[in-house]
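Here the structure is laid out as structure tokens; the discussion comes afterwards.
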Amino acid sequence: MTQTDTVLIVGAGPTGLTTACALLQHGVDARVIDRRNGPASEPKALILWSGALEVLRRIDVADSLEKRSLPLSGASYWSGGRRTGGVRFGALADTAFPRPLCVPQSVTEGVLYDRLLKLGGNVEWNTELAAARVTGSTPSNVSVTLTVPGTGSPAPFSPRWLVGADGTHSTVRAAAGIAFEGSTYARDFLLGDGVFTGGLPEDEAQYHLTPEGVLVVVPLPGGGHRVFFDRDATGEVRPLSDEELQELLTARGPKGWKLESTWWRSTFRVHTKVAARFREGSVLLAGDAAHCHSPAGGQGLNTGVQDGFNLGWKLAAVINGADPALLDSYEAERRPAALRALRNSDRQTRLWMLRQGPKRVLRDTLLKVATATGALDRRIVPELAQLDPGLESSPAVPGELPGPAARGGRGGRGPGLLSPGVRLPDTPWQPLHGTDAASLHEFLATGRHTLLVLQGAGGTDAGGARDDAGARDDAGARDDAGERTAAEAAELVARSTVRSQTDVLLLTDHRPRGGSDPSAPYARAVDIGRKLTELAEAGPLVVYVRPDGAVGAWSSHRDLSRLAAGVSVLGAAVESVA
């Protein structure tokens, strides 16, 4: 990579490492710096939800994290010493991660760092962004100065792209002149990780809501628990002693809970803020540099990881030749997601802070009713899991493809399952060649671009697949139509600038009569679940699936070149192949 194409990522926390891994998996190197001397040793954030875990699966670290995690079965709410409500985890459908995992942030960072090294990347530790100058909003508008260990003077550098993943006090954000809008809670938050006795929960989080404040208890993988309290702001930043933590535990928790020892304690203030913009020319913000949250619901790290992956694959596509306008969709997709996560965590935090009077009684009553009716499970868990991307309004997903596809009713928003911006449902399948995956989501877990060709039970119009005498039966004609479309899709990809990061797969509703050709330039599988192939009854459909598993666009087999024209990452292969 030349210097003008260099991506400089400031910050090697979960967000920066995820961004770098996504770039590397899509063939683009990045320079990653961090002022620390190595990956975090402090546990900090604990919870990984389904949406973030799916992202981490796409950069091949989810399995490692699962092995070092504690799956949580649910969360319960207590008031006046009685259980007033709760949610159960594990009921989320259509995901390999139906429940959240408890994993200390230090573990997450370590696993991501190991993955970065295996991909050929590196982090320049003890290297700080001393200064950055951003001139206007045009490309190539960034110059930075780094302090590098062992050098006698600061090192100037002009990256083509600058990614600020450097936390709530982001130097990158300040240099770009981007406001950080929001507020700070007038409370101190205090926590301790350690060993406790007295029957603390083993696989669920508990929220004890008292007139004096909240007590949150979370079991940790490998043993021990985290206890978390709030109090009126004092301005003190020192961690509480074990004795002080025990006093709070005695005042707010069930009788008999006792702190034996701690290995980490912290005191901090909580902000609820979001950057006014996530992009300024060549400068892009992600993670805590773009948004910060209350720890309620464990939304911050999860949102940042999804920022990093979204930014990584889009930045790689642009560097590989895609329309630079693709990066305009980063803020359009991730800022609304950050605002949703911020509202969710803020709502929970404010429920914690209700102290006395009718509002407290009303809260407890609503928790009881919502738990009894299942409303809490149906609403809270999907919101926290962040599985629904909500990308229907993104500029990166065309609302209507040009030409006959739209006029014939097969463009636009189409069938609900194929609506651009919607996360594709999983479907079990039988792999025939080109893949060992047993389902769609397992296939998409590589985090690559995909052209998915669907061939259903109908649709004998193969554009010439039948001979004039009609000697072929319908099944043979359908097979020909699907095979021809998949071959054309593979040819299109072969002429694209993202060919090495793109897969083509033909998904049919039956095994081909003549067997499957293992030498074909595309993979093939049989849709056992029939969730998707039934949509292709009138002929083959081609779906562009983004690296995040969302539908980017779709068309009939006759409009394959128009599909490419409507998808910026395939835009370099617009010539007609149909």
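No gaps in the numbering here: position 436 of the sequence shown is 423 in my numbering, and each next residue is one more.
All residues carry an ideal CB built from backbone N, CA and C; glycine is no exception.
For T184, which residues does DSSP report across the bridge?
K245
Quick one: is S63 buried, meaning 16 or more other Cβ sit within 10 Å of its Cβ, or exposed?
buried
Counting only beta-carbon separations shorter than 8 Å, does W416 have a partner in chain C?
Absent from the structure is chain C; it holds one protein chain and no more.
Distance between P534 and G403 (C-alpha atoms, nearest Å):
20 Å
Give the single residue among A161, D153, A192, V182 whose Cα lies nearest to the Cα of G61.
A192
Considering only C-alpha positions, which residue in the set N24, L438, Q293, A304 is nearest to Y566?
In the structure displayed, the chain extends from -12 to 565; residue 566 sits before or after that span and is not available.
Span separating the alpha-carbon of S487 from that of P198:
59 Å
Here's the rule I'm using: 16 or more other beta-carbon atoms within 10 Å means buried, otherwise exposed. How should N297 be labelled?
buried
Bounding residues of the alpha helix (DSSP H) (the contiguous stretch that carries F265):
Segment: none, F265 is in no alpha helix (DSSP H) and carries neither H nor E.
If I measure Cβ to Cβ from G211 and keep anything under 7 Å in the same chain, skipping five residues before and after, which residues do I get?
D180, G181, V182
N-terminal and C-terminal residue of the beta strand (DSSP E) that S543 is part of:
538 to 543
Would you grab the beta carbon distance between E96 and P26 for me? Rounded to a whole angstrom, and I think it's under 8 Å.
4 Å
Any idea if L326 is buried or exposed, counting beta-carbon neighbours within 10 angstroms, 16 or more meaning buried?
exposed
For V292, the first and last residue of its enclosing alpha helix (DSSP H):
287 to 306
Below 6 Å CB to CB, which residues in the same chain sit around V257 once its five sequence neighbours on both sides are set aside?
Y172, F176, S281
Whole angstroms are fine: how far does the CA of G185 sit from the CA of E247?
10 Å
In this structure, how does DSSP classify A449 when only helix, strand and coil are distinguished?
The predicted position of A449 is uncertain, since its pLDDT is 40 and thus under 50; a value taken from the coordinates is nonetheless stated next. Of the three classes helix, strand and coil, the one that applies to A449 here is coil, per DSSP.
As a quick exercise: from R69, V110, V409, pick the residue whose alpha carbon is nearest that of E379.
V409
Under 7 Å Cβ to Cβ from R517, same chain only, skipping five residues before and after it: list those, please.
D496
My output table needs one value for E199: the three-state DSSP class, helix, strand or coil.
coil
Considering only their Cβ atoms, is the gap separating H278 from L329 smaller than 8 Å?
yes
Unbroken alpha helix (DSSP H) run spanning I367, endpoints:
362 to 372
Going by DSSP, which residues form a beta bridge with S170?
T259
Where G194 sits in the DSSP three-state scheme:
According to the sequence provided, residue 194 is Tyr. The question's Gly does not apply to it. Here Y194 sits in strand by DSSP.
CA-to-CA distance, D466 to A456, given in whole angstroms
Only weak support is given to the placement of A456: the predicted model assigns it a pLDDT of 41, under 50, and the question is left unresolved by the model.
Beta-carbon within less than 6 Å of I367's beta-carbon, same chain only, minus the 5 sequence neighbours each way: which residues are those?
V74
Identity of the residue in S28, R266, F255, Q293 nearest A161 by Cα:
R266
Could you check whether V491 and Y509 sit closer than 8 Å to each other, using their CB atoms as the reference points?
yes
Extent of the continuous beta strand (DSSP E) to which R337 belongs
Where R337 is concerned, there is no enclosing beta strand (DSSP E), although the alpha helix (DSSP H) it sits in stretches over 315 to 339.
So what does DSSP say about P418, is it helix, strand or coil?
strand
Check for me: the beta strand (DSSP E) holding G61 runs from which residue to which?
61 to 66
Can you list, in chain order, the residues of its chain with a C-beta nearer than 6 Å to that of P580? Leave out the 5 residues immediately preceding and following it.
Given that the chain is displayed from residue -12 to residue 565, the structure contains no residue 580 and the question cannot be resolved.
Using a Cβ distance threshold of 8 Å, determine whether the stretch 143 to 152 contacts the stretch -2 to 11, with at least three qualifying pairs required.
yes
Run the proximity test for R347: is its beta-carbon closer than 7 Å to any non-hydrogen atom belonging to the ligand FAD?
As far as ligands go, the structure on display features none, and thus does not contain the ligand FAD.
Cβ neighbour criterion (16 or more within 10 Å) applied to R337
exposed
Cβ-based neighbour list, T582, same chain, cut-off 6 Å, excluding 5 preceding and 5 following
For residue 582 there is no data in the structure shown, the boundaries of the chain being -12 and 565.
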